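K.L.:
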Ligand SMILES: Cc1cc2nc3c(=O)[nH]c(=O)nc-3n(C[C@H](O)[C@H](O)[C@H](O)COP(=O)(O)O)c2cc1C
């Protein structure tokens, strides 16, 4: 079981820590920090519809390779204005080649979102992307963090453990 964590926070905070923790519980794997990557926004050319791949050349090529070789992908984003962060939305939009080429079909995903009040509202953007591309969501963990402190740490860990058990079955 090969796990991959993708962190959509511009800071080294709860989102990154929780993604790292989840990947570890899944047996370990690479972590991609989107803030360190140069990823262009989708230009809407839809050449991927015909060619099956994105024509933009940037760090997304590395992200594509890693997503395609993973068995389970842990997506982590802070909640920004009731949605995912801008950098995670860039990744979501750039995943549109998978709608046609189906290379992520059958892979598993865990969605972790972190917010002061509305972490759960950032889940649907990632869920829509996973559903559209045939990725099976095995768990979503919206986490409340007030002033940087996670509320209900124990129940967050219990959710992670339950997801990790589910993946190993
Ligand atoms: C631009 C911006 C918008 C935010 N919007 C929301 C929001 O709509 N709902 C919410 O619950 N928290 C919101 N927050 C708070 C963050 O989601 C929260 O601080 C979170 O813990 C950040 O996670 P991180 O430290 O891993 O980046 C916002 C923070 C920023 C910087």
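Residue numbers (the working numbering): 276 to 444. Backbone N, C-alpha and C fix where the C-beta goes; we use that ideal spot for every residue, glycine too. The structure displayed is predicted, hence computed values, not measured ones.
1. Just to check, is the beta-carbon of residue 415 closer than 6 Å to a non-hydrogen atom of ligand 1?
2. Is DSSP giving residue 305 helix, strand or coil here?
3. For the candidate residues 421, 336, 390, 295, whose alpha-carbon lies nearest to that of residue 356?
4. By how many angstroms is the C-alpha of residue 417 removed from the C-alpha of residue 296?
5. Determine which residues share a DSSP beta bridge with residue 411 and list them.
6. Can you check DSSP and say which residues form a bridge with residue 316?
7. Pairs of beta-carbons, one from the segment 327-337 and one from the segment 291-306, closer than 8 Å: are there three or more?
8. According to DSSP, simplified to helix, strand and coil, what is residue 371?
P.N.:
Quick answer:
1. Looking up residue 415 in the chain shown gives position 140. No - ligand 1 has no heavy atom lying nearer than 6 Å to the Cβ of residue 415.
2. One-based indexing of the chain shown puts residue 305 at position 30. Three-state result, residue 305: strand.
3. As a position in the chain shown, residue 356 is number 81, starting the count at 1. With distances taken between Cα atoms, residue 356 lies closest to 390.
4. Residue mapping note: residue 296 aligns to position 21 of the chain shown, counting from 1. Residue mapping note: residue 417 aligns to position 142 of the chain shown, counting from 1. Roughly 15 Å separates the two Cα atoms.
5. As a working mapping, residue 411 is identified with position 136 in the chain shown. According to DSSP, residue 411 bridges with 383.
6. Taking the chain shown and counting its residues from 1, one reaches residue 316 at position 41. In DSSP, residue 316 forms no bridge with anything.
7. no
8. Mapped onto the chain shown, residue 371 falls at position 96. If DSSP states are grouped into helix, strand and coil, residue 371 belongs with coil.
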